[in-house]
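A short write-up of the structure that comes next.
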Amino acid sequence: MFSFFRKKPQALPFSAALTQVIKTSRIEAFQLDNDFIAVPHMLLAMLRENDATVVPALNQLLVSLVLFEYRLATEVMGLRLTSKRLSENLSLPLTLELETMLKQAQQTARLLEAPEVEAVHLLLPMLRQPGSTAAVAAGEFGLTHDVLVAHLRRAEA
Numbered sequence: 001m002f003s004f005f006r007k008k009p010q011a012l013p014f015s016a017a018l019t020q021v022i023k024t025s026r027i028e029a030f031q032l033d034n035d036f037i038a039v040p041h042m043l044l045a046m047l048r049e050n051d052a053t054v055v056p057a058l059n060q061l062l063v064s065l066v067l068f069e070y071r072l073a074t075e076v077m078g079l080r081l082t083s084k085r086l087s088e089n090l091s092l093p094l095t096l097e098l099e100t101m102l103k104q105a106q107q108t109a110r111l112l113e114a115p116e117v118e119a120v121h122l123l124l125p126m127l128r129q130p131g132s133t134a135a136v137a138a139g140e141f142g143l144t145h146d147v148l149v150a151h152l153r154r155a156e157a
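The opening position of the sequence shown corresponds to residue 1 in UniProt numbering, with each subsequent residue numbered one higher.
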């Protein structure tokens with residue numbers, strides 16, 4: 001039965017590395033002349049920051065980081081929601097797709113009993129959505145949710 005008094009699970013904190021990736025994703029959006037932050041910006045930031053949880057996994061799975069980066073950048077280059085000139089101190093909105101994936105990253109980290117949310121916890125929901133921009137771009141390089149999960153299980157063992 002549903003209870004109004006049921007407590008919500010406490011949100012896990014973002015790791016310092018993921019916080020830096022989020023900051024870098026804003027810079028990526030500015031560099032690509034976008035006035036929003038989307039999934040490709042977050043993936044580009046993970047590659048730029050050489051995130052310790054994502055980049056080694058991609059290297060071991062033989063994903064060409066340069067080509068993957070190029071594919072992601074061309075996906076969103078020059079897309080704008082408004083015609084206003086961008087200012088460096090302007091805050092940029094997140095797309096609904098990215099907001100959903102950040103929430104799913106919280107759930108993934110909680111399921112894996114991690115003390116904090118890492119970038120790899122964000123990458124997993126990105127690849128799980130079959131029509132997401134991340135899944136489509138990564139699929140061209142042979143990177144899928146199942147492949148990444150299998151790799152992470154081997155790395156843990």
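The beta carbon of each residue, even a glycine, is placed where N, CA and C say it ideally should be.
Here the structure is a predicted model, which is why all the values come from computation and not from measurement.
| Item | Value |
| --- | --- |
| Do residue 130 and residue 104 count as a contact pair if the criterion is CB distance below 8 Å? | no |
| Determine the direct distance from the alpha carbon of residue 33 to that of residue 152, and round the result to whole angstroms. | 34 Å |
| Take residue 137 as the anchor and find which of 108, 123 and 12 has the nearest alpha-carbon. | 123 |
| Which residues mark the beginning and the end of the alpha helix (DSSP H) in which residue 117 is found? | Taken as a continuous stretch (DSSP letters only), residue 117 belongs to no alpha helix (DSSP H), as it is neither H nor E. |
| Express the C-alpha separation of residue 59 and residue 121 in angstroms, rounding to a whole number. | 17 Å |
| Just to confirm my understanding: we take residue 11, look at its own chain, exclude 5 residues before and 5 after, and list those with CB closer than 7 Å. What are they? | 106 |
| I need the straight-line Cα distance from residue 76 to residue 114, nearest angstrom please. | 32 Å |
| Using DSSP with H/G/I as helix, E/B as strand and the rest coil, what is residue 94? | strand |
| Can you tell me whether residue 117 is buried or exposed, with buried defined as 16 or more other CB within 10 angstroms of its CB? | buried |
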